[in-house]
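In the working numbering, the protein residues as written are 945 to 1041.
Working notes for the structure below.
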Ligand SMILES: [Zn+2]
């Protein structure tokens, strides 16, 4: 998969049906972050894989994550939600509206 970083990120999010922040529904997908629900499972930032065009690795990493806007990513990092709740609402790779 070639193209710019933004194009690769868009294709990845489309493939995994990532459409919005899982907490608030913010839909600017180019501004969403992939937050690792369990930090010890983190191999690499999804962003780093996308930057280096390692899209298979990026996809695998996304399944450990939840899509969040910048505000809710901060809150998740500060421990606002239990990991089991985040897994429950993550829905990475599934159809959801
Ligand atoms: Zn949000």
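Backbone N, C-alpha and C fix where the C-beta goes; we use that ideal spot for every residue, glycine too.
Among the options, whose alpha-carbon lies nearest the alpha-carbon of residue i?
i: residue 946; options: 1006, 1011, 1000 and 1036; result: 1000
i: residue 948; options: 1027, 998 and 986; result: 998
Please state whether DSSP places residue i in a helix, a strand or coil.
i: residue 1006; result: helix
i: residue 1041; result: Because the pLDDT of residue 1041 is 48, which lies under 50, any placement of that residue in the model is unreliable, and the number read from its coordinates should be weighed accordingly. Correct three-state label for residue 1041: coil.
i: residue 1019; result: helix
i: residue 966; result: coil
Determine the direct distance from the alpha carbon of residue j to that of residue i, and round the result to whole angstroms.
i: residue 952; j: residue 1030; result: 25 angstroms
i: residue 964; j: residue 987; result: 23 angstroms
i: residue 1027; j: residue 1035; result: 13 angstroms
Give me whichever residues DSSP pairs with residue i in a beta bridge.
i: residue 977; result: 1012
Pairs of beta-carbons, one from the segment 1016-1025 and one from the segment 977-990, closer than 8 angstroms: are there three or more? At 8 angstroms Cβ cutoff, the stretches touch.
Determine, using beta-carbon pairs with one atom in the segment 1004-1017 and one in the segment 965-974, whether at least three such pairs fall under 8 angstroms. Inter-segment contact for the segment 1004-1017 and the segment 965-974 is present: three or more beta-carbon pairs are separated by less than 8 angstroms.
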